[in-house]
Amino acid sequence: MDLLSKLRSIKERYELLQEQLSDPELIADQAKYKRLNKDYKDMQPVVEAFDRYELVLGNMEDSRRIIQTEKDADLKDMAKEELELLQTEQTELEERIRILLLPKDPEDAKDAILEIRAGTGGDEAALFAGDLFKMYQRYCDAKGWKTDVINMNESEQGGYKEIVMEVAGENVYGTLKYESGVHRVQRVPATESQGRIHTSAATVAVLPEAEEVDVQLNMNDVRVDTFRASGAGGQHVNKTESAIRLTHIPTGLVVECQDERSQMKNKDKAIKVLRTRLYERELAAHHAKIASARKTLVSTGDRSAKIRTYNYPQGRVTDHRINLTLYNLPVVMNGQIGEILDALQTAENAEKMKSGG
1 MDLLSKLRSI KERYELLQEQ LSDPELIADQ AKYKRLNKDY KDMQPVVEAF
51 DRYELVLGNM EDSRRIIQTE KDADLKDMAK EELELLQTEQ TELEERIRIL
101 LLPKDPEDAK DAILEIRAGT GGDEAALFAG DLFKMYQRYC DAKGWKTDVI
151 NMNESEQGGY KEIVMEVAGE NVYGTLKYES GVHRVQRVPA TESQGRIHTS
201 AATVAVLPEA EEVDVQLNMN DVRVDTFRAS GAGGQHVNKT ESAIRLTHIP
251 TGLVVECQDE RSQMKNKDKA IKVLRTRLYE RELAAHHAKI ASARKTLVST
301 GDRSAKIRTY NYPQGRVTDH RINLTLYNLP VVMNGQIGEI LDALQTAENA
351 EKMKSGG
């Protein structure tokens, strides 16, 4: 099927969905309505690009007709200039439409669980994990996404040994999935008296949040323990056993949640994270099959891979997967990571197009 035929077929489906979504009977079936409405929204950018593409093709025909039939030299020249501009726009639109038509990862639309853990570097690594947390939180706030800390293990010198948060919004996992991996920092730690630059690291993992339909979690396979929540340095922050530890016996996975004062709320959050981690195990096997067929530079999900370096003395940040270096480190650490994420998305789209999706 050629591009135009494919686009016409999508537009027909889009217009049919538009009719169906206004049907009161469908609105009553919320599950079906939600599913069809998502399909409709996914098609919208393609249809809008196609409408513009048809308009450009029509205007090109008009310009060619003027060039062939018009006797006035000035009008002919104007039509030639117009045709050149339209041809450039046609090429750009075709490129954009091909990217829009690339198969989407069904996980991309999901909310995400974002986990940051201090790696090599002791107290400095924990401080850096705290800096990364602030960076992501600011980025999420700017996007209008909702963040909710699920669990944290603070370091005595500041920052976090580990912090886990849920991020909810539009296309969260599809945007943040490129952040999984080892983030390395090069700077003079506050504790360093000689002014020497140290290298420390933190690991980031971004997991698509699993829904109940994704993973059937049998609570008979889960051991539930309660304990008192504690803060930095081990002091108790509450006097009741509100913190929850879940152990999934078949896999040995352990999840803790102590952020809420209510034991029930902590249990609900911990179940959500446990379900997500079980789902991730299934996804990892699925992605391994895809990776063997098509090696991707970008979202490999390999947490041991060093993906980015933040160099404070030179004020630069380098993403090693696409050899992108920016000299605006303070801006990046303030949460403005959109330029990096867009470049990674573009690189992955280029790879998909090269390999035929």
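By this note's numbering, the letter at position 344 of the sequence shown is numbered 344, and the numbering carries on one by one without gaps. For each residue, glycine too, the CB sits at the ideal point set by N, CA and C.
Item: Do you know how far the Cα of P24 is from the Cα of D108?; Value: 30 Å
Item: By a C-beta neighbour count over all protein chains shown, 10 Å radius and 16 as the cutoff for buried, is N323 buried or exposed?; Value: exposed
Item: Scan the stretch 15 to 43 and note each continuous alpha helix (DSSP H) run of 4 residues or more that stays entirely inside, going in chain order.; Value: 24 to 28
Item: Using C-beta distances below 7 Å, list every residue in its chain close to Y136, excluding the 5 sequence neighbours before and after it, in chain order.; Value: L114
Item: Hey, could you find the ends of the alpha helix (DSSP H) M78 is sitting in?; Value: 73 to 100
Item: Given a threshold of 16 other Cβ atoms within 10 Å of its Cβ, counted over all protein chains shown, does V224 qualify as buried or as exposed?; Value: exposed
Item: If the criterion is Cβ atoms closer than 8 Å, does the pair L278 and V215 meet it?; Value: yes
Item: Using CA atoms only, rank isn't needed, just tell me which of S63, K272, A305, A125 is closest to E209.; Value: K272
Item: Starting from D141, trace the alpha helix (DSSP H) in both directions and tell me its first and last residue.; Value: 122 to 143
Item: So for V182, helix, strand or coil by DSSP?; Value: strand
Item: Identify, in the order they occur along the chain, each residue of the same chain with its Cβ nearer than 8 Å to the Cβ of G144, setting aside the five sequence neighbours on each side.; Value: G169
Item: Would DSSP call T147 helix, strand or coil?; Value: strand
Item: Going by C-alpha to C-alpha distance, which of L21, A28, V56 sits closest to D39?; Value: L21
Item: Please list, in chain order, all residues of the same chain as T309 whose beta carbon is under 6 Å from its beta carbon, the five residues on each side excluded.; Value: R184, T318
Item: Compute the beta-carbon to beta-carbon distance between L326 and E339, rounded to the nearest angstrom, for a pair I have assumed lies under 8 Å.; Value: 7 Å
Item: Please go through the same chain and pick out, in chain order, the residues whose beta-carbon is closer than 7 Å to the beta-carbon of R96, but skip the five residues on each side of it.; Value: A49
Item: Answer yes if the stretch 78 to 97 comes into contact with the stretch 156 to 172, meaning at least three C-beta pairs across the two stretches below 8 Å, and no otherwise.; Value: no
Item: Looking at the unbroken beta strand (DSSP E) that takes in M333, where does it start and where does it end?; Value: Looking at the DSSP string, M333 is not in any beta strand (DSSP E); the run it does join, the alpha helix (DSSP H), is 329 to 333.
Item: Excluding the 5 residues preceding and the 5 following Y312 in the sequence, name in chain order all residues of the same chain whose CB lies nearer than 6 Å to its CB.; Value: R187
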